[in-house]
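Input: a single structure, listed below in structure tokens.
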Amino acid sequence: DGGITQSPKYLFRKEGQNVTLSCEQNLNHDAMYWYRQDPGQGLRLIYYSQIVNDFQKGDIAEGYSVSREKKESFPLTVTSAQKNPTAFYLCASSPTSGLTYEQYFGPGTRLTVT
Amino acid sequence: AQKITQTQPGMFVQEKEAVTLDCTYDTSDPSYGLFWYKQPSSGEMIFLIYQGSYDQQNATEGRYSLNFQKARKSANLVISASQLGDSAMYFCAMRETNTDKLIFGTGTRLQVFP
Numbered sequence: 001d002g003g004i005t006q007s008p009k010y011l012f013r014k015e016g017q018n019v020t021l022s023c024e025q026n027l028n029h030d031a032m033y034w035y036r037q038d039p040g041q042g043l044r045l046i047y048y049s050q051i052v053n054d055f056q057k058g059d060i061a062e063g064y065s066v067s068r069e070k071k072e073s074f075p076l077t078v079t080s081a082q083k084n085p086t087a088f089y090l091c092a093s094s095p096t097s098g099l100t101y102e103q104y105f106g107p108g109t110r111l112t113v114t
Numbered sequence: 001a002q003k004i005t006q007t008q009p010g011m012f013v014q015e016k017e018a019v020t021l022d023c024t025y026d027t028s029d030p031s032y033g034l035f036w037y038k039q040p041s042s043g044e045m046i047f048l049i050y051q052g053s054y055d056q057q058n059a060t061e062g063r064y065s066l067n068f069q070k071a072r073k074s075a076n077l078v079i080s081a082s083q084l085g086d087s088a089m090y091f092c093a094m095r096e097t098n099t100d101k102l103i104f105g106t107g108t109r110l111q112v113f114p
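Chains as they are written, first to last, in the numbering used here: chain V, 1 to 114; chain C, 1 to 114.
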């Protein structure tokens, strides 16, 4: 079955540690995205990538980094510079840029930093 | 600035009844796409329906329809014949020409009761 996988589903880290969230898709989609969701809030865009080896900052990129070395993979690193990293993180992909293409989402990773 | 507003934090509906979830948007771009997503308690975002700004007819997908009023900048989701499984968070989102960003509203929690 085609889809997006995110692992792990729950992640716990100590403050001051960097942590990398994985996102893999086998849908052959060009574009991939990372969103953050806080309780009672909508999704906010962290980073997105339209093509391998290229990515752009979203609305809340500070304290995060990404890479896009392969079409299938778009890992997100939450660095110690992120002031409030505890949140639900969702990865998404779409076939290509364009208005009509919906984004397909993974199951999400819930990160807790203490 | 582009913005999506969902003014109903929570809605209740009885099984088999219809319900309307409100969404208004703000953009200066003449070309845009509007999406509705469902987020059950598991966290995954499920695409429901899409409406393009130049579409002449309201979009429909099974029990979901979109009441698109362009002049009023509203894109309300109508769910007919509600089912218990429809209980979830519902998010309205907008995508603009020349960007890959989806801008989300804060969501509406729908609860369907027997």
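Each residue gets a CB set at the ideal place from its N, CA and C atoms; glycine is no exception.
{"query": "Does DSSP classify Leu84/C as helix, strand or coil?", "result": "helix"}
{"query": "Starting from Lys101/C, find everything on chain V with Cβ-Cβ shorter than 9 Å and list it in chain order.", "result": "Tyr33, Leu45, Tyr48, Gly58 and Asp59"}
{"query": "Just to confirm my understanding: we take Lys38/C, look at its own chain, exclude 5 residues before and 5 after, and list those with CB closer than 7 Å. What are they?", "result": "Ile46, Leu48, Ala88 and Tyr90"}
{"query": "Would you tell me roughly how many angstroms separate the C-alpha atoms of Gln8/C and Ala59/C, rounded to the nearest one?", "result": "22 Å"}
{"query": "Indicate, with yes or no, if the ligand HEM has a heavy atom lying under 6 Å from the CB of Pro75/V.", "result": "Only the bare structure without any ligand can be found here, which leaves the ligand HEM out of the picture."}
{"query": "Where does Ser73/V fall in DSSP's three states?", "result": "strand"}
{"query": "Using CA coordinates, which residue listed in Arg63/C, Phe68/C, Glu17/C and Ala75/C is at the minimum distance from Gln111/C?", "result": "Glu17/C"}
{"query": "Do Met11/C and Thr108/C have their C-beta atoms within less than 7 Å of each other?", "result": "yes"}
{"query": "Name the chain C residues whose beta carbon is nearer than 9 Å to that of Gln17/V?", "result": "Within 9 Å Cβ-Cβ: nothing; Gln17/V doesn't reach chain C, min ~23 Å."}
{"query": "Strictly under 7 Å for the Cβ-Cβ distance: is Thr106/C near chain V by that measure?", "result": "yes"}
{"query": "Can you name the residues of chain V whose CB is closer than 7 Å to the CB of Met116/C?", "result": "The requested residue 116/C is not part of the displayed model; chain C covers only 1 to 114."}
{"query": "Taking 7 Å as the threshold (beta carbon to beta carbon), is Gln41/V in contact with chain C?", "result": "yes"}
{"query": "Around the C-beta of Ser65/C, are 16 or more other C-beta atoms found within 10 angstroms, so that it is buried, or is it exposed?", "result": "buried"}
{"query": "Assign Ile51/V to buried or exposed, taking buried as 16 or more other Cβ atoms, counted over all protein chains shown, within 10 Å of its Cβ.", "result": "exposed"}
{"query": "For chain C, check one thing: does any of its Cβ atoms lie closer than 7 Å to the Cβ of Glu24/V?", "result": "no"}
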